[in-house]
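Heads up: the sequence shown begins at 3 in this note's numbering, then just goes up one per residue.
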Amino acid sequence: MTQPRQSLSAPARKRSPLPWVLLAVFVVALGVVLVPKLVGSGGNDDPAPVAASQADPLLTAVDKCDPVKQGLKLSDKNRKLTINGAGKKFPVGLNEDAMTCVLDTIGMPGTLIDRMRSTVSADGQLEGDWPSFTATWTNDADKGLDVTVTRTS
């Protein structure tokens, strides 16, 4: 019987899979970053209005509590909400239910709401705050409760 012939060359080297693994990780990471930008919003980086309003209590209040847009006004890059309440002589503005909706939606504490509602015209303009917001207001039975809420952070 003959014995198998032994090769005179050096034994074959096994190649490390590490470069292929690194390449695969790089390609996946690149795909995760680029694909949403290419497929996504078609160049529009603005968030959807629904998502924006859910994240921002001031926008949510406008959408939810003043559908006819007669008593709320956003300004200063959506950092300032002006609330116009209806009064006896000036009925244009938010009624009591809509006002409650706004104040609850923006997370105003009940003690501050009670203080606002108990204010009279002789008190002039008053101010209060709670985390991330400040509010100034006047309350007159004829003109209604007028409030300006400003986001501080």
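All residues carry an ideal CB built from backbone N, CA and C; glycine is no exception. Here the structure is a predicted model, which is why all the values come from computation and not from measurement.
Taking the alpha helix (DSSP H) that I115 falls in, what are its first and last residues?
That run of the alpha helix (DSSP H) goes G112 to R119.
Compare the Cα-Cα distances from C103 to each of D125, K91, G87 and V94 and report the closest residue.
Among D125, K91, G87 and V94, the Cα nearest to that of C103 belongs to G87.
Classify A31 as buried or exposed, calling it buried when 16 or more other Cβ atoms lie within 10 Å of its own Cβ.
Its Cβ having fewer than 16 others within 10 Å, A31 is exposed.
Please state whether the Cβ-Cβ distance between M110 and W139 is less than 8 Å.
For M110 and W139, no; Cβs fall outside 8 Å.
Can you list, in chain order, the residues of its chain with a C-beta nearer than 6 Å to that of A50? Leave out the 5 residues immediately preceding and following it.
Low local confidence applies: a pLDDT of 41 at A50 is under 50, so the model's placement there is unreliable, with the coordinate-based value given in what follows. Taking C-beta separations shorter than 6 Å and ignoring five residues to either side along the sequence, A50 has no partners in its chain.
Within 10 Å of its beta-carbon, does P59 have 16 or more other beta-carbons around it, so buried, or fewer, so exposed?
That one is buried.
Starting from A100, trace the alpha helix (DSSP H) both ways and give me its first and last residue.
Here the alpha helix (DSSP H) through A100 covers E98 to T107.
Hey, how far is the Cα of R15 from the Cα of L36?
About 37 Å.
Considering only C-alpha positions, which residue in the set D68, K66, D116 and D142 is nearest to G130?
Taking only the C-alpha atoms, the option nearest G130 is D116.
How far does the alpha helix (DSSP H) with V122 in it extend, from its first residue to its last?
Neither: V122 is in no alpha helix (DSSP H) and is coded neither H nor E.
Within 8 Å, strictly: CB atoms of D142 and S120:
No; because the gap between Cβ atoms is not below 8 Å, this pair is not in contact.
Report the three-state DSSP secondary structure of T62 (helix, strand or coil).
In the displayed model, T62 falls within a helix according to three-state DSSP.
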